[in-house]
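Counting with the working numbering, you get residues 553 to 952 for the letters of the sequence shown.
Built from N, CA and C at the ideal position, the CB exists for glycine as well.
Report on the following structure.
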Amino acid sequence: MGKYFGTDGFRGEANVTLKGQHAFKVGRFLGWYYGSELAGFPVPGHKTKVVIGKDTRRSSYMFEYALAAGLTASGADAYIMHVTTTPSVSYITRLDDFDCGVMISASHNCFNDNGIKLVNRWGEKMDDETIALIEQYIDGDLTGFGVEGDDLPLATGRDIGQIIDHAAGRNRYVGYLISLATRSFKQLKVGLDCANGSSWMIAKSVFDALGAKTYVINNSPDGTNINDGAGSTHIESLQRFVRTNQLDVGFAFDGDADRCLAVDENGEIVNGDHILYIFGKSLSAKGQLTNNTIVATVMSNLGLFHALDEAGIKYEKTTVGDRFVYECMLKNGHCVGGEQSGHIILSKYATTGDGILTAIKLTECMLEAKKPLSELAAPVKIYPQLLENVRVTDKDAIMG
């Protein structure tokens, strides 16, 4: 991890540790970099274009505007997807041939935090080398950049970039999700907890289109209520909702909808470990689990590994972080990986965790097996486990 960027981007309290000038500088660098020799593949006359999405936090608009200002000042075009999910930005970045994509979000954190997540042209998390250059520029160090003066050159005249509406990209992502379902959800009553975040306009439209009778909570964002007693980090709201309305299944997303936890028909939690097992078992039975292996992390519960052993399914463990899960999947050709927290990666369909995609495919597993979610998850017996998050001022020092 770097000085500003961790495994999941540049994250901090808005206007305290993460400020508008940081976003502006990230934009300035990206707008210049993709047309430079430093990027390694400059094309004469290339017009850099970057797509931006954001979540529902009040500060997300401020950071979006600052980022777009930096991009256009360096001569790049900024395409605005508006409020959307992190996985949609990854999908559209690679689909529409953007140089990179940016998501303004602090994921499951409270509203006063925010973050800048970067993906490369293939929709994968940005490489460490590029991140290091961004941090170097933020600190005012242009060593090795090959530019004159004390800052990157500013575009002038017709070379100044444009800000372009790209809400159509979000709509195409919705269509993509719908196209991935292989059967109708008509017989199901499905609950969705959108965490007052990025999924609030998307999740219901997808499940409605697939025929489910959809019930939604926490889908009225006001800029300050994202993740507030809602979503995957406060799943008790969805548990009560599923029990009260006698739903078949419920899904809780986090603020940017790159993770998903489920609630079964009895109102019991089905976490990422359960979901990994269910996907692994389903795909293995059909001969579609590549290498007959799933990828989990060292934080996964022992019960998952015992259940996989019983099912004859192999597994690999990585350090914590969906970035490391994806790297292991890519390196070894695995198709299913994820974390207990609900970051689930299905590499056949996506390059990052996608909460709504996870919900779709988990619903399909129920329909294919003709079994309730509680029965599919039952083989994973969760052992006592204590996981604690501790806020620190210097992550690098703590990690040695």
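With a cut-off of 8 Å on the beta carbons, I'd call residue i and residue j a contact; round off their distance for me.
{"i": "I778", "j": "D607", "result": "6 Å"}
{"i": "I632", "j": "I715", "result": "6 Å"}
{"i": "L740", "j": "T915", "result": "7 Å"}
{"i": "A747", "j": "F803", "result": "No, A747 and F803 are not in contact; Cβ-Cβ is about 11 Å, not under 8 Å."}
{"i": "G653", "j": "S659", "result": "That pair is no contact at about 16 Å."}
{"i": "S750", "j": "V726", "result": "Not confirmed; about 12 Å, so no contact."}
{"i": "P924", "j": "E817", "result": "5 Å"}
{"i": "V742", "j": "A719", "result": "V742 to A719, Cβ: 26 Å. No contact."}
State the DSSP-derived secondary structure class of residue i, mapped to helix, strand or coil.
{"i": "A949", "result": "The predicted position of A949 is uncertain, since its pLDDT is 48 and thus under 50; a value taken from the coordinates is nonetheless stated next. Three-state result, A949: helix."}
{"i": "C746", "result": "coil"}
{"i": "G564", "result": "strand"}
{"i": "Y935", "result": "coil"}
{"i": "N666", "result": "strand"}
{"i": "K571", "result": "coil"}
{"i": "D629", "result": "strand"}
{"i": "Y829", "result": "helix"}
{"i": "T682", "result": "helix"}
{"i": "I644", "result": "helix"}
{"i": "F737", "result": "coil"}
{"i": "G579", "result": "helix"}
{"i": "T915", "result": "helix"}
{"i": "G877", "result": "The sequence given here has Val at residue 877, not Gly. Three-state DSSP puts V877 in a helix."}
{"i": "K601", "result": "strand"}
What does the Cβ neighbour count give for residue i, buried or exposed, with the cut at 16 atoms within 10 Å?
{"i": "Y556", "result": "buried"}
{"i": "N843", "result": "exposed"}
{"i": "M951", "result": "Confidence is the limiting factor: at M951 the pLDDT is only 42, short of 50, which leaves the residue's position unreliable, though a coordinate-based value still follows. It is exposed - the Cβ of M951 has fewer than 16 other Cβ atoms within 10 Å."}
{"i": "P596", "result": "exposed"}
{"i": "P639", "result": "buried"}
{"i": "T734", "result": "exposed"}
{"i": "P936", "result": "exposed"}
{"i": "L670", "result": "buried"}
{"i": "S834", "result": "buried"}
{"i": "E891", "result": "buried"}
{"i": "T845", "result": "buried"}
{"i": "Q840", "result": "exposed"}
{"i": "T785", "result": "buried"}
{"i": "L619", "result": "buried"}
{"i": "S836", "result": "buried"}
{"i": "N853", "result": "buried"}
{"i": "R811", "result": "buried"}
{"i": "R580", "result": "buried"}
Sort the options by Cα distance to residue i and report the nearest one.
{"i": "S626", "options": "K599, S612 and H826", "result": "K599"}
{"i": "T871", "options": "M851, I897 and I908", "result": "M851"}
{"i": "L729", "options": "A755, D711, Y829 and A720", "result": "A755"}
{"i": "D680", "options": "E565, R875 and E920", "result": "R875"}
{"i": "K933", "options": "F581, Y829, I656 and A921", "result": "Y829"}
{"i": "I912", "options": "G587, L732 and D810", "result": "L732"}
{"i": "D808", "options": "S588, G605 and L582", "result": "G605"}
{"i": "A684", "options": "K923, G713 and G561", "result": "G561"}
{"i": "W584", "options": "R610, A621, G572 and V568", "result": "A621"}
{"i": "A761", "options": "I897, G564, D861 and K738", "result": "K738"}
{"i": "E676", "options": "T695, V847 and L647", "result": "L647"}
On the DSSP bridge list, what partners appear for residue i?
{"i": "Y867", "result": "I846"}
{"i": "K606", "result": "V635 and I656"}
{"i": "F557", "result": "F562"}
{"i": "C812", "result": "F805"}
{"i": "L898", "result": "V888"}
{"i": "V671", "result": "G653 and K677"}
{"i": "V872", "result": "Paired residues: none, contrary to the question."}
Distance cutoff 9 Å, beta carbons only. Does residue i sit that close to anything in chain C?
{"i": "T636", "result": "Although the question refers to chain C, the structure presented lacks it and comprises just one protein chain."}
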